[in-house]
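Residue numbers (this note's numbering): 18 to 411. Structure record follows, encoded as structure tokens.
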Ligand code: FDA
């Protein structure tokens, strides 16, 4: 068995697979290792099995990082259009679902197949079921000890991803390797993750489980106009997942439950024109009945005709409808989070190549780096772009 390679990559996920074939296409002998039985497991389950593989509008503003400028170079040199061209070259049918989000028409399997086919075409070796036990840097080479033997190469690409969804094979190996080689790992936390509510709110709203509303969720850092979903444990849906990446424990954010309507003006108009209309009946016109009833009870709004509602009451109703304060108990954590925020500090990496600034031949790509995208195909676009930047530099 050939154990001499030009580059060893750890992690056959989105970033590792995309980097492996591009490096091999440049003539390098590439070994891609993964402990999983299957390559690209997250790709396979992503986007409900259809993989939201990029976003038509991906740009640096859609990413969170201690250094918001870091992602710019890689994203500009490998854009959504480059990945779309690859998808089209492989004849994979796709469509835009909403907000620029591109999904496969059939199955996410096509994306993994495409990446594995490219690896095979250029001779990048993808070796699964391989536990990494030790990585040592000696005599200008990385020696990787594994359950399948020892491999060595002058270059090492760490593409181990983050901590989200341990049942899909996520481990802290990428962060451990970063620290081993003197890199700072910024604090990590679950992102794009459903919220859990405090016991009282959970009891009040769990009966609404399954109900979705179009809302705007916001705090002083971000604002997202998307759907919110009530669950047995709390709140989910795109609007909640998005704001979760901008939320810290103990904080409150607000939800505009009627972003399309000036509810105060509408309540005042109805009071003048149809004074006998009940306040709760109005709410039932604006929301699904189950929600209108539960919400009105929780806010202790009286069951009065509009004629008997004071200006102060209508104002307080409108304020609550447009800025419902939500103080979550926490999140569902890495078990269900789509991404991990934080990670390998970009200060010690080159934004052009993803190379370590102080350790020769060491690279970090994909989610292990402190760059996290919004929901909607942005995280895969970062995986593709950072992989490309690295592959060009190897
Ligand atoms: P990724 O996690 O893909 O790969 C890391 C690889 O490293 C894995 O194959 C793992 O087995 C391997 N590994 C880890 N530890 C190891 C160890 N100790 N030894 C050996 N190998 C090890 N994004 C998006 O843009 N659109 C979408 O539709 C979705 N949907 C989605 C759904 C769900 C349920 C999740 C959990 C996530 C998403 N995402 C997403 C996010 C997206 O999946 C994620 O950002 C990318 O997969 C990150 O790519 P990486 O290659 O960096 O890590």
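Positions of the beta carbon are idealized from the N, C-alpha and C atoms, including for glycine. Predicted model only: the values in this text are computed from it and were never measured.
If you draw a straight line from the Cα of residue 403 to the Cα of residue 95, it comes to about 8 Å. The C-beta of residue 401 has 16 or more other C-beta atoms within 10 Å across all chains shown, which makes the residue buried. Every beta strand (DSSP E) of 3 residues or more that sits fully in the region 337-396 is shown, in chain order, as 341-343, 356-361 and 379-381. DSSP assignment within the region 211-238 yields the following whole alpha helix (DSSP H) runs of 4 residues or more, N-terminal first: 216-222. Scanning 121, 162 and 325 for the CA closest to the CA of residue 107 turns up 121. Less than 7 Å separates the beta-carbon of residue 125 from that of residue 61. In the pairwise beta carbon analysis, the region 175-183 is classified as touching the region 343-360: at least three pairs are separated by under 8 Å. In the three-state scheme derived from DSSP, where H, G and I count as helix and E and B as strand, residue 273 is classed as strand.
In the DSSP assignment, residue 204 falls within the unbroken beta strand (DSSP E) covering 202-208.
In this structure residue 396 is buried. Its beta-carbon is surrounded by 16 or more other beta-carbon atoms within 10 angstroms.
With respect to residue 127, residue 149 sits apart: the two C-beta atoms are not nearer than 7 Å. For residue 98, the enclosing alpha helix (DSSP H) stretches over residues 97-106. The Cβ-Cβ distance between residue 139 and residue 42 falls below 7 Å. For residue 59, the shortest C-beta to heavy atom distance toward ligand 1 is below 6 Å.
For residue 34, there is no enclosing beta strand (DSSP E); the residue is found in the alpha helix (DSSP H) stretching over 31-42. Boundaries of the alpha helix (DSSP H) around residue 311: 306-316. Cβ-Cβ separation between residue 362 and residue 201: approximately 4 Å, consistent with a contact (criterion under 8 Å). In the structure shown, residue 250 falls within a coil segment according to DSSP collapsed to helix, strand and coil.
Shortest gap from the CB of residue 181 to any heavy atom of ligand 1: under 6 Å. The beta carbons of residue 176 and residue 382 sit closer together than 7 Å. A heavy atom of ligand 1 is found nearer than 6 Å to the CB of residue 52.
Note on geometry: alpha-carbon atoms of residue 28 and residue 318 lie some 54 Å from one another.
Bounds of the alpha helix (DSSP H) holding residue 64 are 58-66.
For the pair residue 187 and residue 86, the Cα-to-Cα distance works out to about 27 Å.
Residue 184 carries a helical assignment under DSSP once its states are collapsed to helix, strand and coil. Your pair residue 270 and residue 234 checks out as a contact, with CB atoms roughly 6 Å apart and the cut at 8 Å. Counting C-beta pairs with one atom in each stretch, the region 337-353 and the region 61-71 have fewer than three that are closer than 8 Å, which means they do not touch. DSSP places residue 89 in the helix class (H, G or I) of the three-state scheme. Counting only the Cα atoms, residue 54 lies some 41 Å from residue 220. Taking all protein chains in view, the Cβ of residue 364 is surrounded by fewer than 16 other Cβ atoms within 10 Å, so the residue is classified as exposed. Assignment of beta-bridge partners to residue 163 by DSSP yields 149 and 166. For residue 262, the shortest C-beta to heavy atom distance toward ligand 1 is 6 Å or greater.
The nearest non-hydrogen atom of ligand 1 is 6 Å or more from the C-beta of residue 96.
For residue 191, the three-state secondary structure derived from DSSP is helix. Across the structure, residue 157 and residue 117 are spaced so that their CA atoms are roughly 45 Å apart. Excluding residues up to 5 positions away in sequence, 150 and 151 lie with their Cβ nearer than 6 Å to the Cβ of residue 162 in the same chain.
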